[in-house]
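This report refers to the structure that appears directly beneath it.
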Amino acid sequence: MIAHHTIFPRMVEPEREISADAMANIAYLARSQNRIEILETLTTGSHTSRDVEEQTGTSRSTLERITTELEERGWAERNNNGEYVLTETGERIAEETSRYVGAMEAIETLGEAVNWLPNDELTIDLRYFRDAVVWKPEPNDVAAADTRIIDLSRDGDRFACLSNTAGTVGLETEMIEQFGKDQLDVENVVTPEELDIYRQDPERAARWKSYLEAGANVYCYHGQIPCVLILIDETVFIGDRRLETLGVIESSNDAVRSWAEGVLANYRDNAERVEPTDLSRESSSVDLDHHR
């Protein structure tokens, strides 16, 4: 049996009181969108006053006031050409501000779906999810997420899935059919419990057995898988843990895709390949633990 591995451990910072100066700086930025936009503009390099005005839409008087404040705080300065540029401190503040604002935007975008993210393994900032789309069951379309994934897979070249519970029959059937037509390169990482579900259903067992016999790459991970993760070409889906009422977060962000690829690879590399014989009812998760 493959031992459970902790993937991407996170450090926990001890609680402490926030300093008055830090709170003052947070409040200074939070009170004005113009201040944040000017900081963000200056992260791209040196700029004249006219450049910043045009890019932010800030009036000249407001711009002069804010740039003076930034200079007084040591966050910005003028170079030899008289252009505004961030100091090293200003660059760090701008980066952290962008991270924080992006995270808040992502939380607004995701709503309750933010709870579907696997926090213990989320090694990228929430801000990368601010342009994500959430697909949830609706009264008149309970299979909205399934339909979206199926539609995308029909035009896709690659389908990779990390799952902690059996998927819907519709999605499963479509994935296997597309693979059988040589239209989809597939990879699945599942749990022993998921395999047991397939074994108990003769129709599903036969479907997965033929899938494996056709050369599908399926792996069994003996440990806890924290989420449903599907990659279809350039698109990532992160699923609700309750697949009977499937909801997913969809993202095509490069950072999200890179993170998802890494998570999938870590579980796959610590899993065992599943063979067609593992789908027989005589097989069990215990047999698979000692298989090969």
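Numbering (the working numbering), first residue to last: 595 to 886. Think of the CB as a built atom: it goes at the ideal place given N, C-alpha and C, for glycine as much as any other residue.
1. With a threshold of 8 angstroms, are at least 3 pairs of Cβ atoms found where one atom belongs to the stretch 786–797 and the other to the stretch 707–719?
2. Looking only at DSSP bridge pairs, what is H641 linked to?
3. Taking its Cβ as the centre, do 16 or more other Cβ atoms sit within 10 Å of T683, making it buried, or is it exposed?
4. Of the choices M617, E666, G833, whose alpha-carbon is the least far from that of L704?
5. Identify, in the order they occur along the chain, each residue of the same chain with its Cβ nearer than 8 angstroms to the Cβ of E768, setting aside the five sequence neighbours on each side.
6. According to DSSP, which residues form a beta bridge with A670?
7. What is the rounded straight-line gap between the Cα of Y694 and the Cα of I630?
8. Expressed to the nearest angstrom, what Euclidean distance is found between the alpha-carbon atoms of T642 and Y678?
9. Please check the pair N758 and V780, which I expect to be a contact at CB under 8 angstroms, by giving their CB distance rounded to whole angstroms.
10. Just the Cα atoms here: how many angstroms apart are D848 and A854?
11. Would you list, in sequence order, the uninterrupted beta strand (DSSP E) runs of no fewer than 3 residues that lie entirely inside the stretch 741–791?
12. Note down the Cα distance separating G750 from D740, rounded to an integer number of angstroms.
13. Span of the alpha helix (DSSP H) holding S852?
14. Taking the straight line between their C-alpha atoms, what separation do you get for M698 and T762?
15. How is the alpha helix (DSSP H) around N894 delimited, first residue to last?
16. I'd like to know whether the C-beta atoms of S640 and N673 end up nearer to each other than 7 angstroms.
17. Can you tell me the Cα-Cα spacing of A707 and S846, whole angstroms?
18. If you follow the alpha helix (DSSP H) that L636 is in, where does it begin and where does it stop?
Reading it off the structure:
1. no
2. Y678
3. exposed
4. G833
5. I744, S747, R748
6. L680
7. 11 angstroms
8. 6 angstroms
9. That pair is no contact at about 18 angstroms.
10. 10 angstroms
11. 752–756, 779–784
12. 15 angstroms
13. 848–863
14. 32 angstroms
15. Outside the displayed range of the chain (595 to 886) lies residue 894, so it cannot be described from this structure.
16. yes
17. 17 angstroms
18. 627–636
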